[in-house]
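Residue numbers (this note's numbering), protein chains in the order written: chain A, 1 to 133; chain B, 134 to 266; chain C, 267 to 399; chain D, 400 to 532.
Right under this line is the structure:
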């Protein structure tokens, strides 16, 4: 992960949000879950900084999209009870991996502000820039 | 948001609570979620200061009434797992918007102490004072 | 402590702040350290809600003015290391006691926003309303 | 505060850091202390996201540069003991005010990663873009 790529991923997420008619916050974190870049669109909710960063952290921490974690977090699921400032188990967090699928996780994107489908679409638009690197 | 209006909103919530036979705490926060005014009725629970302020914060952070967030916070819902000091997803938090529906969120009211229906009624009585401003 | 008295104490603090040319936040807590009333003047810093409430909590928790705690909190002092969201050991927190000096602590006032001298003056103006009750 | 301006302020801070030979993180927050934009230079410490955001929050919460808060935070000073996730009282946080000196605080910049002089220089380079707006 580097700042130049992180900025272009943020911009891609924001462009997708504009297409979706959503107002989002987008966070890019490195392999350690630490913020590299963050952008909040004008008019987007103040919940965004915490939630977008938490989704990105959660995705990189578990090496999977937060949308896939959601079913594990329901009562009886294996992540039930996980909570705290940095865990958000709803869609919009996407890990960034190297080429070949099995690659190392190099960071993650987190998007918050639209509905879950919109957040996921924005995160995936950003992640697409990372693929193949 | 200003103190004079915030105080009148608190008083309106307390008057409504008296009509309802409820003992409440009421918090008014600004657009950043920071407290402007707070009042706890005599005999109201000591949980009120934390819960009323958290409902107001949650409403302003998400730009929607906390009553609307409650169904999203159930297991499997898109806000499931949201937790922390400042999040309460049950009724009684109401955002305050400017004229015209599309207006900016200028703050929020949070009420805690009665049952959910009573908390919502008190918050709405307070919010009514803000409308049209 | 009751709401009606707490409100009058807040108003007394705000009036004193206006005389001082300060913009303050004022918190009144009960004997358990829980908020009864809070007011933030227009233009006062957003640090006020946390700091005024923390000063009031600290004053009631230690049964002494926060100004007197400050020297105990320096390195080597007996409260050195006390820290956290709810502890503030600078002037502006004043406990409220019953008649006769030895009386029970019934709550506290906390003021933040001016300089220390102003904060103390505002808190004492509010506390004066409580004396003799 | 808006995203376009916040991004240009981040870029100005990063350019100044390059001139200084420092590797920094820079955060821009709105008047409520909530993140609008954040950038971490390649190679900058992972402490940056927390510290830059905390400096920006502290500057906006207290309406003053964090460099001016530092002397107040020493043992015996009036802010001594202030602590927590969101408070950092060393140089590098600068509030952003409107025209005319008496203007409202509209947000803040926080920079972390260089030495204090470098952090302040980067924050001021960013703040210069805001002046006159």
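Backbone N, C-alpha and C define an ideal beta-carbon position, used for all residues, glycine too.
Asked	Found
Under a CB-based cut-off of 7 Å, is residue 118(A) close to chain D?	no
Taking a contact to mean a Cβ-Cβ separation below 7 Å, would you say residue 37(A) touches residue 10(A) in this structure?	yes
Do you know how far the Cα of residue 438(D) is from the Cα of residue 309(C)?	30 Å
What span of residues does the alpha helix (DSSP H) with residue 148(B) cover, start to end?	136 to 153
Ignoring anything shorter than 3 residues or poking outside the stretch 295 to 368 of chain C, list the beta strand (DSSP E) runs there in chain order.	301 to 306, 359 to 363
Ignore the nearest five residues each way along the sequence and tell me which others in residue 422(D)'s own chain have a CB closer than 6 Å to its CB.	440, 442, 443, 512
By the criterion of Cβ-Cβ separation under 7 Å, what are the contact partners of residue 433(D) in chain B?	165
Is residue 477(D) buried or exposed, if buried means 16 or more other CB atoms sit within 10 Å of its CB?	buried
Does the stretch 414 to 429 of chain D come close enough to the stretch 315 to 332 of chain C to have 3 or more Cβ pairs within less than 8 Å?	no
Could you work out which residues of chain B lie near residue 74(A), taking near to mean beta carbons separated by less than 8 Å?	208, 209, 213
Taking the beta strand (DSSP E) that residue 157(B) falls in, what are its first and last residues?	From DSSP, residue 157(B) is part of no beta strand (DSSP E); its letter is neither H nor E.
To the nearest whole angstrom, what separates the beta carbons of residue 213(B) and residue 73(A), a pair I think is in contact under 8 Å?	6 Å
Cβ of residue 195(B) less than 7 Å from any chain A Cβ?	yes
Measuring only the C-alpha atoms, how far is residue 405(C) from residue 474(D)?	Given a span of 267 to 399 for chain C in the structure shown, any question on residue 405(C) remains unanswerable.
From what residue to what residue does the alpha helix (DSSP H) around residue 264(B) run?	Neither: residue 264(B) is in no alpha helix (DSSP H) and is coded neither H nor E.
Check the C-beta distance from residue 297(C) over to residue 372(C) and give it rounded, since I have them as a contact under 8 Å.	5 Å
Select from 17(A), 95(A), 5(A) the residue whose C-alpha is nearest the C-alpha of residue 116(A).	17(A)
Measure the Cβ-Cβ separation of residue 525(D) and residue 508(D) and say whether it is below 7 Å.	yes
Taking buried to mean at least 16 other C-beta atoms within 10 Å of its own C-beta, is residue 261(B) buried or exposed?	exposed
Roughly how many angstroms separate the alpha carbons of residue 26(A) and residue 321(C), rounded to a whole number?	36 Å
Relative to the alpha-carbon of residue 301(C), which residue among 329(C), 332(C), 268(C) has its alpha-carbon at the smallest distance?	268(C)
Output, in chain order, the set of chain A residues within a Cβ distance shorter than 9 Å of residue 458(D).	Ordered by position in chain A, no residue passes the 9 Å Cβ test against residue 458(D), which lies about 16 Å from the chain.
Using a threshold of 7 Å, state whether the C-beta atoms of residue 228(B) and residue 263(B) are closer than that.	no
For residue 252(B), count neighbouring Cβ atoms within 10 angstroms of its own Cβ and tell me buried if that reaches 16, exposed if not.	buried
Mind checking if residue 40(A) is an interface residue toward chain B, Cβ cutoff 7 Å exclusive?	no
Using the Cβ count rule (16 or more neighbours within 10 Å means buried), how would you classify residue 71(A)?	exposed
Any idea which residues DSSP pairs residue 241(B) with across the strands?	162(B), 228(B)
By the criterion of Cβ-Cβ separation under 7 Å, what are the contact partners of residue 179(B) in chain C?	298, 300
Rounded C-beta distance between residue 66(A) and residue 33(A)? I'm assuming under 8 Å.	Going by Cβ atoms, the distance from residue 66(A) to residue 33(A) rounds to 13 Å, so no, they are not a contact pair.
Show which residues of chain D have a CB atom less than 9 Å away from the CB atom of residue 54(A).	Near residue 54(A) there are no residues of chain D at all, since even the closest Cβ is about 13 Å away, more than 9 Å.
Determine, for residue 90(A), whether the minimum Cβ-Cβ distance to residues of chain B falls below 7 Å.	yes
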